[in-house]
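Read left to right, the sequence shown gives residues -25 to -1, 1 to 454 (mature numbering (1 follows the signal peptide of the UniProt record, and there is no 0)).
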Amino acid sequence: MVRKPIKRFIALQLLFILIASTTYAQNAERIKLKHGSHREGKRTDSVMQKWRGNGLGQFIHWGLYAIPGGEWNGKQYNGAAEWIRSWNGIPKSAYDSLIYKFNPINFNADEWASIAKNMGAKYVTITTKHHDGFCLWPSKYTSYTVANSPWKKDIMKPLVDAYDKAGLDVILYFSIMDWNHPGWRYDIKTKADSIAFEGFKKFTRNQLIELLTMYPKAKGLWFDGTWDKSWVKQAKFADELEAEMRKLRPGLIIGSRFRADEYGKRHFDSNNVLMGDYEQGWERKLPNSIADVHGNDWDCVMTIPENQWGYNKAWKGHIKSSNELIEMTAKAVSLGGNFVLNFGPKGDGSIRDEEKKLASEIGDWMKVNSEAIYNCEYSGLEKQDWGYFTKKREKDKVYLIIFNTPVSGAYRVKLPAKTAIAKSYLLTNPNMDLRVEEVHSNEYFIYAKPTTEAKPFVIVLDTKKKENNGGNNYEKAKI
């Protein structure tokens, strides 16, 4: 079998990153943990392999907060609309009365799934319950659910079924923080707090088992609201609950936000090992280099306006363009992650036209260029100013996603030693070879006519083992 130089090069780079990320453990005695990470390295099962290759996902934030849409008593509040009760001192009784207004007559699960599919998303994360505690499923453990609203019907089942029918995997968002439950505490300071929180823990466990039982098609859980001291102190309980959920649903995907170790470390335990199947720390931001993700799986969840998750009537400030969101997707995949774009449906169940337009524009690009996104990974190649590299998993096929076109139309590429270009072509025209010029050992210019379109385009490189590994040692050492 011919050995694959690109794959060996990437493996070597990732090994260096892994060594660097475990320096702490090597230079200090590892702490014995009962409730830290239970696995080092990435999951290799088929469920996680599929998640890893998704590239692009959709996030849905929807609940009672969509009804006021960031406005209360005629005043429009800035910031995340789903936090309006907490940030603006709205009385619990006044906010909770929104349940009697929840009647989303324009809700259409098939339409939501169609928007996501046409955008090119491969999975969706949907809020089952946000911090306000309102449940979009008819939970038997609280009356604060869709069943007691004018709508009365389950929201989650038609959503799970619609997205599954459209070929998208479903992840269930669940907030541990629950402002509605009487046992919720931000911290546990008294015996009364402790007794109350024990009841809350039982409630939380029951709801999670309920969700996994009611919606067996869901592939994972995306946790939020886990940063307060009360939950951080529950290392043993959360660890045992995670084990129970994984036993109930083998292959279940759980991110790094769910629990802390016995020393209160979140995301990464006290030995700097990821707790969960992927890192959830990239919220509204992207890593700058492969070293930032420490060899772990990860996703980036992103809003279209700045920090607006739930529907907000005010559509202002920095509203990201489709080109900006496509670039974020390319950057995420180039660093081995998934990019998840948020939508905030209105209180009536419809999705705002601006979001649908952006989804359509992203989808137009994905229909042509998704080969450079799906089942792609970090290439191991040096970042260039024209855009981003991605690489097809298990293949020696590299993609150049071009955002900045040089006047010369020459795109610089540096390949690892013993690797050459077998063929170069535009993804949209594989039958026309592009001119390739080797300017130094393993350094090339790929010539492509500047595109007249504003949207980025993709160049494909089929690579091969280099037969004549010429060049001086200094040039090879620079790679």
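Idealized CB from N, CA, C, for every residue including glycine. Every value quoted in this text rests on a predicted model; they were computed, and no experiment measured them.
List the residues that DSSP assigns as beta-bridge partners of residue i.
| i | result |
| --- | --- |
| residue 399 | 436 |
| residue 277 | 316 |
| residue 147 | 101, 196 |
| residue 26 | Answer is none; residue 26 lacks a bridge partner. |
| residue 385 | 422 |
| residue 283 | According to DSSP, which records beta bridges pairwise, residue 283 is partnered with nothing at all. |
| residue 120 | 110 |
| residue 415 | 418 |
Could you check whether residue j and residue i sit closer than 8 Å to each other, using their CB atoms as the reference points?
| i | j | result |
| --- | --- | --- |
| residue 298 | residue 433 | no |
| residue 147 | residue 98 | no |
| residue 395 | residue 438 | yes |
| residue 250 | residue 236 | yes |
| residue 109 | residue 119 | yes |
| residue 422 | residue 362 | no |
| residue 130 | residue 112 | yes |
| residue 461 | residue 94 | In the structure displayed, the chain extends from -25 to 454; residue 461 sits before or after that span and is not available. |
| residue 321 | residue 41 | yes |
For residue i, which three-state DSSP category applies?
| i | result |
| --- | --- |
| residue 378 | coil |
| residue 367 | strand |
| residue 257 | strand |
| residue 188 | helix |
| residue 407 | strand |
| residue 172 | helix |
| residue 373 | strand |
| residue 141 | coil |
| residue 57 | helix |
| residue 180 | helix |
| residue 46 | strand |
| residue 362 | strand |
| residue 90 | helix |
| residue 212 | helix |
| residue 392 | coil |
| residue 265 | helix |
Taking the C-alpha atoms as reference points, what is the distance between residue i and residue j?
| i | j | result |
| --- | --- | --- |
| residue 287 | residue 254 | 28 Å |
| residue 315 | residue 33 | 5 Å |
| residue 228 | residue 196 | 6 Å |
| residue 92 | residue 261 | 23 Å |
| residue 352 | residue 304 | 12 Å |
| residue 135 | residue 283 | 24 Å |
| residue 356 | residue 417 | 11 Å |
| residue 213 | residue 400 | 51 Å |
| residue 328 | residue 318 | 11 Å |
| residue 380 | residue 278 | 27 Å |
| residue 124 | residue 165 | 35 Å |
| residue 58 | residue 25 | 33 Å |
| residue 307 | residue 80 | 36 Å |
| residue -1 | residue 71 | Per-residue confidence for residue -1 stands at a pLDDT of 45, beneath the threshold of 50, marking its modelled position as unreliable; the derived number appears in the next sentence. Each residue's Cα considered, the two are about 48 Å apart. |
| residue 341 | residue 168 | 51 Å |
| residue 63 | residue 43 | 13 Å |
Considering only the alpha carbon of each residue, which of the options lies closest to residue i?
| i | options | result |
| --- | --- | --- |
| residue 290 | 45, 339, 413 | 45 |
| residue 209 | 199, 173, 184, 225 | 173 |
| residue 21 | 134, 194, 357 | 194 |
| residue 53 | 440, 378, 280 | 280 |
| residue 190 | 371, 419, 138 | 138 |
| residue 10 | 362, 155, 215, 436 | 215 |
| residue 436 | 164, 388, 442, 163 | 388 |
| residue 375 | 368, 369, 358, 382 | 358 |
| residue 407 | 326, 337, 105, 424 | 424 |
| residue 462 | 360, 381, 402, 379 | Here the chain has residues from -25 to 454 only, and residue 462 is not among them. |
| residue 350 | 206, 309, 338 | 309 |
| residue 78 | 38, 378, 404 | 38 |
| residue 140 | 312, 192, 114 | 192 |
| residue 31 | 365, 313, 324 | 313 |
Using beta carbons (cut-off 8 Å, strictly below), is residue i in contact with chain C?
| i | result |
| --- | --- |
| residue 171 | Judged by its chain identifiers, the structure shown contains no chain C, having just a single protein chain. |
Examine the ligand SAM and report whether any of its heavy atoms sits within less than 7 Å of the Cβ of residue i.
| i | result |
| --- | --- |
| residue 398 | The ligand SAM is not part of this structure, which contains no ligands at all. |
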